[in-house]
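Here is the structure we will look at.
Residue numbers (our numbering), protein chains in the order written: chain A, 40 to 379; chain B, 40 to 379; chain C, 40 to 379; chain D, 40 to 379.
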């Protein structure tokens with residue numbers, strides 16, 4: 040079966056997913072697009088044979104030629120669009136965040152529960168990364184004993200000098216670790232704290248960069264996450280889980296080792312696409328496969344609950360950033376509907 | 040466009056390519072199969088919606104529902120099948136070897152030249168491996184200066200005690216390095232020699248395992264290739280090019296690093312599929328894309344000429360194995376048709 | 040010149056230093072020993088040609104045959120013994136801690152200042168480790184820009200089930216990082232906090248193991264130090280400094296890489312002696328050289344001030360452990376006498 | 040006991056050993072020096088308290104103030120000087136080569152056997168390198184099964200454009216691998232061959248650089264040794280033993296890992312002293328200890344027999360270089376006197 044996908048939002052991320060569905064993955068094609076910038080939508084559709092352009096997200100969702108919806112619009116629009124897709128009974132892949140507020144995420148969960156089946160996958164792609172998957176397999180196999188600590192680092196070479204705020208280090212960057220540690224450890228995050236190291240002179244004047252986010256899992260596992268958005272030297276995502284009898288860490292990713300000029304070593308990725316391109320491919324292929332099969336994607340597919348939980352932890356982390364205090368995460372009970 | 044592929048030979052490799060086309064790659068589907076074992080062909084086709092089973096390879100090639108042919112039969116059948124596909128004007132992907140003898144490969148080249156366009160891609164998948172590609176990019180960028188030497192190792196955990204001969208170490212295993220060094224250095228191999236190290240007690244009694252194949256490139260670059268088919272510890276393919284100002288080597292492939300029991304380190308792949316799965320995906324996607332575009336795949340796609348050259352070097356290496364002497368490679372001139 | 044060393048305290052550490060002076064280093068010999076256990080002192084002296092045994096530390100210090108004093112007794116005895124050596128005008132190497140309380144360390148500084156010359160070296164051997172030295176060289180060369188963060192881990196395979204308290208994780212283990220970060224960054228520590236991750240089931244029931252010590256340098260550089268005394272898998276000391284433009288980390292220490300059983304990798308040291316044996320050699324050789332030259336050892340030799348600072352930070356860290364609060368370090372001004 | 044050492048030859052190597060005995064090692068002092076350049080001898084002695092300068096090597100050897108002799112003169116003088124030391128019954132440490140011809144080495148063995156005790160240690164320092172020692176321990180522990188192959192590389196950044204001949208690549212550089220593989224595998228080398236890869240444009244016009252030396256051990260273990268004297272990028276010595284069930288390789292030597300400018304990695308040593316300084320220290324300390332104990336140094340101390348064997352293999356390798364043919368090593372039987 041070929042899944043006919045309608046894409047809402049055709050900015051950088053949306054276009055990348057369209058390229059992926061069209062040229063890389065199997066079992067899907069893009070049949071409709073919509074964007075707040077109608078001209079951009081038209082340009083994108085022009086090179087997609089047979090794809091229609093819709094004036095509104097609602098029209099796209101209602102299109103009989105659309106089996107499933109991919110939401111890549113800006114965050115504030117997600118709630119309405121995802122709810123509309125659920126209302127139409129169509130599977131929806133929603134880029135992170137599911138919605139900017141945990142209340143909005145709850146509305147989505149309620150609608151999905153009312154619909155009676157899982158229709159939503161959230162774009163937390165790290166769960167599909169070969170490194171994190173091998174890490175989880177090692178952990179789950181008992182190879183390092185019960186987990187106690189995790190050390191993370193999330194470094195970008197740079198962010199634009201204007202427009203990227205300290206809050207966004209939490210909501211846009213740390214949210215990836217927030218999701219992935221929930222998945223790795225199979226439990227919720229109970230509290231968050233934020234530490235403020237010496238600021239880099241390369242960061243914008245009003246930005247606390249780097250910062251360290253501390254996450255306390257329900258079991259007591261402590262996660263420290265260094266977030267450094269202006270690290271200059273490359274895009275580097277690292278993680279090490281410390282267990283009772285050993286540790287497991289993401290390996291360096293470099294295809295070759297070079298020896299020149301009294302140095303030996305490998306390369307560091309230049310950006311997040313370079314690092315996670317195969318994870319993006321895998322998450323969307325998993326979604327297409329599930330849609331084609333008429334089921335929701337199973338593990339490790341992130342659900343609305345995962346989107347909600349990430350939003351709730353993000354809220355706590357932002358509060359911790361503002362107040363300087365350890366902040367407990369306020370979360371609803373996990374509905375049976377979202378049991379693993 | 041969807042490329043309708045007919046698959047000749049549905050043993051392990053053929054079935055793996057069918058899985059790939061059906062579930063992993065984009066732009067192709069398997070519409071016909073043939074095998075010397077008709078029952079096996081039927082079983083494979085049974086789970087491919089709409090796929091027909093043909094009694095002969097010729098029937099499959101003639102099928103109007105087949106746009107392109109994938110040859111995964113045993114080596115001695117390749118020549119006839121590839122010639123038939125060329126005769127039918129259909130693109131053909133042929134698993135290595137293109138044909139067991141260099142004379143047979145020449146017949147294929149002649150037929151292809153007579154047909155007036157490139158129709159054949161040979162299954163040397165290493166050119167599509169991210170490691171070798173990064174190695175070639177480093178070399179071509181001048182980062183290590185002109186190449187002088189290359190050290191290779193090609194280790195399998197084990198081969199069956201019966202049926203795998205010393206000759207096959209050259210023709211089945213070393214042929215991968217034979218192709219990949221031609222591609223890496225962009226030149227032909229001029230001579231081959233074989234060295235006989237101490238035999239492993241884990242090898243069959245009549246097998247010279249490990250052995251070392253020496254390849255002399257036209258420019259004088261010397262390649263030493265350790266072939267060890269019963270290396271026990273894993274499937275390990277390694278390579279280091281030594282240039283005038285530096286070296287580049289394939290990096291270890293392990294997603295994570297584990298620290299337990301006074302050891303730190305990563306995993307070694309268990310077999311060739313584990314190691315090269317993405318290269319297999321990439322070579323066949325490249326072929327499907329080229330077929331869909333109505334062109335032959337460009338670089339790094341291996342052509343009939345590459346299949347012929349590998350066969351000619353294999354002949355020299357087998358002669359060197361038999362005689363214990365350095366053996367010059369006997370090869371025709373490269374036709375303009377196969378200019379890069 | 041041959042430095043005649045008197046050793047006070049001939050337990051495990053003392054005997055190891057005696058072996059070092061006698062069989063490994065140059066320019067020194069052990070001519071006198073003392074221990075609270077007179078029998079043990081006698082046994083040790085028996086194999087040291089010409090060495091005398093003294094009933095008291097004071098007698099040993101007064102011995103005309105002793106040029107310099109090495110204090111390897113238990114911590115509570117250090118203050119009196121070091122003061123006596125200073126009083127006798129003899130150089131003294133004192134194992135860490137210089138003294139258990141910062142007040143005692145201040146007494147030693149006062150005596151040393153009164154004596155008018157630097158006579159004391161404290162046994163913080165990590166400053167002499169090739170890894171930390173290369174790390175500092177990289178930092179000082181500007182290769183990674185201004186430092187912002189440091190991540191440390193200090194893991195022991197295990198500690199005895201009785202007698203090793205949570206306080207000792209700070210005072211015995213973390214004190215090494217406390218000293219080394221002061222030296223690496225060339226500045227004092229302003230505050231300490233302690234985090235309590237999930238406890239390991241391998242730790243004694245009343246022990247908080249692992250724990251994380253946070254140290255804030257005067258400049259704002261933030262150090263997180265994972266201390267894990269029952270890590271099982273080996274003795275592993277790790278560190279990574281994150282600067283404005285790059286990072287520098289201690290490399291794994293393994294002489295060889297082994298590939299067996301689908302794994303590749305190196306060894307992790309079994310204990311602290313295995314890891315730091317050359318640093319112990321280097322610190323004591325540096326001391327002997329300085330004594331022979333009639334000077335105090337220069338950089339990186341740890342002084343009384345360094346011993347005092349470590350004690351003051353240890354006090355703050357222990358307070359943070361007790362209260363769960365971030366605790367400012369209370370320290371005297373650095374006397375000009377101890378300027379770098 | 041303090042060993043009074045007389046040093047013959049105070050060029051770069053001789054001075055380095057004097058520095059080592061005087062400032063690094065324990066149990067020895069330099070009491071006499073001799074050099075063909077008397078002025079240089081005088082300058083060196085001037086900073087050695089109490090050291091005398093002798094006009095001839097014979098005078099130095101006869102000096103009652105000299106317990107043991109270190110020969111660091113040029114190769115052609117070694118035979119006469121070592122024989123004189125043996126004649127005087129004094130232990131002698133002789134820099135490699137023991138003597139330039141195997142016949143000369145035999146004279147030394149005969150004299151030593153006539154003297155009735157082992158008096159000679161040859162300066163093959165790699166046996167004392169921590170990497171090679173760990174490699175041998177892994178091999179001897181059975182961790183990788185019986186050895187079958189060894190891959191070596193020996194790369195120098197550069198050699199002077201004049202005066203360093205292709206022969207010297209064998210006699211000065213490869214001799215280190217010749218000795219170390221004999222020691223690693225505990226057996227003799229049966230034959231040698233030389234391969235000529237593409238020449239580096241950085242090498243002198245009449246120099247075959249790089250070259251590959253093949254060594255066949257008596258058991259059939261095959262060693263390939265890449266020798267590259269103008270490798271530009273650093274001083275890099277590598278080795279991997281391939282056994283029946285695994286491999287063991289020298290690890291990269293770098294104290295730290297740096298991440299900057301999209302690269303991660305470590306340093307490559309700048310020269311042989313940087314790489315092997317601790318091995319030089321250890322070999323000479325071992326010698327001093329043995330002399331002080333009145334014994335010859337045991338394993339891994341290289342004996343006259345080892346010096347002879349290295350010379351015999353060097354002869355065969357030079358012959359192979361000249362003729363292009365595989366050349367059997369011509370060696371005497373190992374006398375019982377030199378049994379391990």
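Even for Gly, the Cβ is constructed at its ideal location relative to N, Cα and C.
Computed from a predicted model, the values in this text were never measured in an experiment.
Closer than 8 Å to chain A by CB, residue i
i	result
residue 306 of chain D	yes
residue 283 of chain B	no
residue 187 of chain B	no
residue 271 of chain C	yes
residue 119 of chain C	no
Own chain, CB closer than 8 Å to residue i, minus 5 neighbours either side, in chain order
i	result
residue 274 of chain B	194, 195, 196, 307, 308, 309, 310, 311, 313, 314
Paired residues, beta bridge with residue i - DSSP
i	result
residue 264 of chain D	D:191, D:252
residue 231 of chain C	C:254, C:366
residue 279 of chain B	B:190, B:288
residue 93 of chain B	B:73
residue 132 of chain B	B:109, B:160
residue 68 of chain C	C:43
residue 298 of chain D	C:286, D:303
C-beta neighbour in chain C for residue i, strict 8 Å
i	result
residue 227 of chain D	no
residue 173 of chain D	yes
residue 293 of chain D	yes
residue 303 of chain B	yes
residue 259 of chain A	yes
residue 190 of chain A	yes
residue 298 of chain B	yes
With 16 other Cβ atoms within 10 Å as the buried cut-off, status of residue i
i	result
residue 281 of chain C	buried
residue 168 of chain C	buried
residue 246 of chain B	buried
residue 256 of chain D	buried
residue 123 of chain B	buried
residue 73 of chain A	buried
residue 164 of chain C	buried
residue 201 of chain D	exposed
residue 215 of chain D	buried
residue 148 of chain C	buried
residue 369 of chain D	exposed
Segment limits, beta strand (DSSP E) that includes residue i
i	result
residue 305 of chain D	302-306
Cβ-based neighbour list, residue i, same chain, cut-off 6 Å, excluding 5 preceding and 5 following
i	result
residue 125 of chain B	150, 151, 154, 158
residue 234 of chain D	251
Boundaries of the alpha helix (DSSP H) in which residue i is found, first to last residue
i	result
residue 54 of chain C	51-58
residue 224 of chain C	214-224
residue 178 of chain B	169-179
residue 116 of chain D	No alpha helix (DSSP H) holds residue 116 of chain D; DSSP gives it neither H nor E.
Beta carbon proximity, residue i to chain D, threshold 8 Å
i	result
residue 312 of chain C	no
Short CB-CB distance (under 8 Å) between residue i and chain E
i	result
residue 286 of chain D	Here chain E cannot be found, since the structure's protein chains are A, B, C and D.
Neighbour flag for residue i against chain B, beta carbons, 8 Å
i	result
residue 380 of chain A	This structure cannot speak to residue 380 of chain A, because chain A is shown only from 40 to 379.
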